[in-house]
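Single-structure report; data block below.
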Amino acid sequence: MSLYLRVFSILVIAGVLLSACAPAVTSAAPTAPTAPAALTLPDLKGKTIKVGVDNGYPPFSYIDATTSKAIGWDYDAANEICKRLNCAPSFEVASWDGIFPAMQAGQFDMLGDSVTITPERAKIVDFSDPYVEVSQVLLVRANETRTAAQMKDDTKAKIGVQTGTTNELAAKKYFVGKDITSFDDWAGAVLALMNNDVDGLVIDYLAAAGFMDANKGKMKIGEEIAVGDKLAFVFPPKSELRVAVNSALAAMRADGTLDALNRKWGLAR
246 MSLYLRVFSI
256 LVIAGVLLSA
266 CAPAVTSAAP
276 TAPTAPAALT
286 LPDLKGKTIK
296 VGVDNGYPPF
306 SYIDATTSKA
316 IGWDYDAANE
326 ICKRLNCAPS
336 FEVASWDGIF
346 PAMQAGQFDM
356 LGDSVTITPE
366 RAKIVDFSDP
376 YVEVSQVLLV
386 RANETRTAAQ
396 MKDDTKAKIG
406 VQTGTTNELA
416 AKKYFVGKDI
426 TSFDDWAGAV
436 LALMNNDVDG
446 LVIDYLAAAG
456 FMDANKGKMK
466 IGEEIAVGDK
476 LAFVFPPKSE
486 LRVAVNSALA
496 AMRADGTLDA
506 LNRKWGLAR
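For reference, each letter of the sequence shown is one residue, going 246 to 514 in the working numbering.
Here is the structure:
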């Protein structure tokens with residue numbers, strides 16, 4: 246074979262090898278990304294879940310003045326969670342006073358009522374993943390002209406809270422040296438505010454908005470007192486239900502149900 250033919254043969258073979266190694270060319274449209282698979286949720290097989298509620302803390306749980314029925318975010322959220330987990334919520338009225346020892350003893354399967362996660366509480370109960378973050382504000386009468394700072398300096402100004410709450414801790418931290426009036430429940434605290442027995446209440450923004458809606462034109466929200474409180478459901482220690490509820494909350498968050506629920510009840514501003 247001549248030198249020319251040898252070179253030509255080598256070039257032909259190299260061309261074939263290169264074309265075999267080259268990526269295939271296609272005119273097809275790029276494949277769309279695969280949608281994430283739906284979350285697999287536990288099946289509680291119709292189990293009844295005892296849910297503790299206060300029924301005096303709008304917008305989470307309260308009695309509707311028109312229908313006399315118990316309504317609120319807690320009711321909608323627990324019903325939706327059980328719909329996804331195949332369980333049946335049984336709502337039981339729980340007094341705030343002593344609720345954490347009751348939860349620790351397993352008196353309820355879970356507790357609503359917008360409980361703030363704190364390290365102290367986490368020592369005796371378990372928390373779900375937080376479903377919203379809120380600030381604490383000063384709730385005052387609609388005709389109040391003093392600021393929170395002015396009330397702090399005014400020796401005659403009286404501040405109220407519900408006993409045993411993070412609101413009470415925030416009030417004592419902000420209104421240093423002032424006597425804080427503690428009430429057994431928020432209904433009594435709000436009544437005291439409207440009756441001029443106290444001049445301001447340190448309360449979660451969401452609850453403040455709920456009480457304002459229930460008493461239109463009588464109160465208004467003043468300044469923020471504290472920020473960054475994370476709210477969650479509460480469980481007895483090492484409760485297996487906590488994992489299941491967290492799974493349901495994650496699914497509700499992923500498909501927009503939790504956001505819609507928070508908007509419905511004013512948890513999202």
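Backbone N, C-alpha and C define an ideal beta-carbon position, used for all residues, glycine too. Keep in mind the model is a prediction, meaning the values are calculated, not measured.
Give a yes or no on contact between the segment 341-350 and the segment 365-372, applying the rule of three or more CB pairs nearer than 8 Å. yes
On a CA-only basis, which of ASP429, VAL377 and VAL406 is nearest THR361? Give me that one, please. VAL377
CA-CA distance, ASP358 and GLU325? 16 Å
Kindly provide the ranges of any beta strand (DSSP E) runs that are 3 or more residues long and lie completely inside the segment 436-508, ordered along the chain. Segments of the beta strand (DSSP E) lying fully in the segment 436-508: 445-449 and 464-480.
In whole angstroms, what is the alpha-carbon distance linking ASP299 and SER484? 21 Å
Member of MET457, SER492 and VAL472 whose CA lies at the smallest distance from the CA of TYR302: MET457
Inter-residue spacing [alpha-carbon to alpha-carbon] between ASN440 and TYR419: Spanning the two alpha carbons is a distance of roughly 24 Å.
Return helix, strand or coil for ARG391, following the three-state DSSP convention. coil
Are there 16 or more other CB atoms within 10 angstroms of the CB of SER373, so buried, or fewer, so exposed? buried
Could you name the residues of the same chain whose beta carbon sits closer than 8 Å to that of VAL296, not counting the 5 residues immediately before and after it, in chain order? So the qualifying residues of the chain are ASP319, ALA323, PRO334, SER335, PHE336, GLU337, PHE353, ASP354, MET355, LEU356 and GLY357.
Output the boundary residues of the alpha helix (DSSP H) element that contains LYS417. 411-419
Please identify the residue among GLY291, GLY317 and THR311 whose C-alpha is closest to the C-alpha of ARG508. Each of GLY291, GLY317 and THR311 was checked against the Cα of ARG508, and the nearest Cα belongs to GLY317.
Proximal residues to LEU263 (C-beta, below 7 Å), its chain only, five neighbours per side dropped: Only weak support is given to the placement of LEU263: the predicted model assigns it a pLDDT of 36, under 50, and the value that follows is read from those uncertain coordinates. Result list for LEU263: empty, nothing under 7 Å.
Among residues of its own chain, excluding the 5 on either side of ALA293, which ones have a beta-carbon nearer than 6 Å to its beta-carbon? Contrary to the premise, residue 293 reads as Thr rather than Ala in this sequence. If we look at THR293 and ignore the five residues flanking it on each side, its Cβ neighbours are ALA333 and SER335.
On the DSSP bridge assignment, give the partners of ARG386 in chain order. Partner(s): MET464.
Which of helix, strand or coil does DSSP assign to TYR376? coil
Out of LEU451, TRP341, ALA402 and GLU468, which one is the CA nearest neighbour of LYS475? Distances from the alpha-carbon of LYS475 to those of LEU451, TRP341, ALA402 and GLU468 put LEU451 closest.
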